[in-house]
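In case it helps, my numbering puts the sequence shown at residues 212 to 435.
All C-beta atoms, glycine included, are put in the ideal place defined by N, C-alpha and C.
All figures in this text were calculated on a predicted structure; none of them were measured in a lab.
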Amino acid sequence: MVNFSEIKGFTFDLDGVITDTAKFHEQAWHDLATSLNVPWSAELGRQLKGISRMDSLNMILAEGGHENDYTDDEKSAFAAQKNQHYVALIQALTPADILPGMTEFLAEIKREGYVASVASASKNAPTILKKLGIMADFVGIVDPATLSHGKPDPEIFTKAGELLKLQPTQIIGLEDASAGVQAIKGAGQTALGIGTAAKEAQPNIWFAETKEISLANISKQMNG
212 MVNFSEIKGF TFDLDGVITD TAKFHEQAWH DLATSLNVPW SAELGRQLKG
262 ISRMDSLNMI LAEGGHENDY TDDEKSAFAA QKNQHYVALI QALTPADILP
312 GMTEFLAEIK REGYVASVAS ASKNAPTILK KLGIMADFVG IVDPATLSHG
362 KPDPEIFTKA GELLKLQPTQ IIGLEDASAG VQAIKGAGQT ALGIGTAAKE
412 AQPNIWFAET KEISLANISK QMNG
């Protein structure tokens, strides 16, 4: 692992790292599944975490045995319907919805001269960051429309690193999902995992909760 002194920037996943909009995604998918007569389960909700909109829709349709019942145009309409519902739900976000400790951590890295970018597969990331009042804390957000592959492919974190204009060895990526940790490692960055799901992918640095994250605690794990 690289030495902490080499680190100059951070790439952030959004959901489960900075805020938790998973509950809104789950509500919107749950409502769509119900309208398509697909039985909902907590396990299905868990499987949809961190994957793209169309992949999520196809998993829901497969769960109900409807994978071959709709045209591509109909599927696109379902995905758009889900997104409209989700966008309506996230309008209620405020800075109070930032996960514990992350407001302080973002302020700390900015104060200490580090740069940060967002590696989120969500097309709604700019809206979410504006609602949370932290848009100015990031030099850029990866545009999901430019991506050819989803996590665990490293593409999104590679692009997030390019926004920082740094070498991969100078970057720490933050993720709460196993696929995301794999993507960070694949991009050659130091992987900081948060929570149980991230631990499965053996991140370089691990914290149980966001509130534990600080430059001092990261340094301790990297140089310990």
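C-beta contact flag for residue i and residue j at 7 Å
i	j	result
A408	A371	no
A388	K396	no
I382	Q393	no
V228	L385	yes
A398	P355	no
S263	A332	yes
M433	F215	yes
A390	P414	no
L310	T421	yes
Chain-order list of residues whose beta-carbon lies under 8 Å from that of residue i (same chain, five-residue window excluded)
i	result
L304	T230, T232, I339, K342 and L343
P250	A244, E274 and G275
K286	M265, L268, N269 and L272
E254	none
K219	Y325, V326, L375, L377, Q381 and I382
L259	H236, E237, W240, S267, M270 and I271
K410	G404 and W417
V298	N335 and T338
T357	K370
Per DSSP, the bridge partner or partners of residue i
i	result
I178	The question about residue 178 has no answer, for the chain in this structure spans 212 to 435.
G406	In the DSSP output, where bridge partners are listed per residue, G406 has none listed.
L385	F223 and L403
A327	F221
Simplified DSSP assignment, three categories, for residue i
i	result
E420	coil
F349	coil
L304	coil
V298	helix
I309	strand
L358	coil
N279	coil
M212	coil
G372	helix
L272	helix
P414	coil
A239	helix
K334	coil
S263	coil
N428	helix
K364	Inspection of the sequence shows that residue 364 is occupied by Asp rather than by Lys. DSSP places D364 in coil when its eight states are reduced to three.
V392	helix
A438	With the chain covering 212 to 435 only, the question about residue 438 has no answer from this structure.
A398	coil
K246	It is Ser, not Lys, that sits at residue 246 in the sequence shown. Helix at S246.
L255	helix
Q292	helix
L340	helix
Supposed close pair residue i, residue j - CB separation, criterion 8 Å
i	j	result
E323	L426	6 Å
I367	V350	Between V350 and I367 the Cβ distance is about 16 Å, and since that is not below 8 Å, they are no contact.
D242	H296	6 Å
Neighbourhood of residue i by C-beta, 7 Å cutoff - its chain only, sequence neighbours within 5 removed
i	result
D440	Lying outside 212 to 435, the shown extent of the chain, residue 440 is not represented and no answer is given.
I424	G312, F316 and F418
Cβ-based neighbour list, residue i, same chain, cut-off 6 Å, excluding 5 preceding and 5 following
i	result
G256	E237
T369	A398
L300	F235
S430	F215
M346	L340
Neighbour flag for residue i against chain C, beta carbons, 7 Å
i	result
L377	The displayed structure is made up of one protein chain only, and chain C is not part of it.
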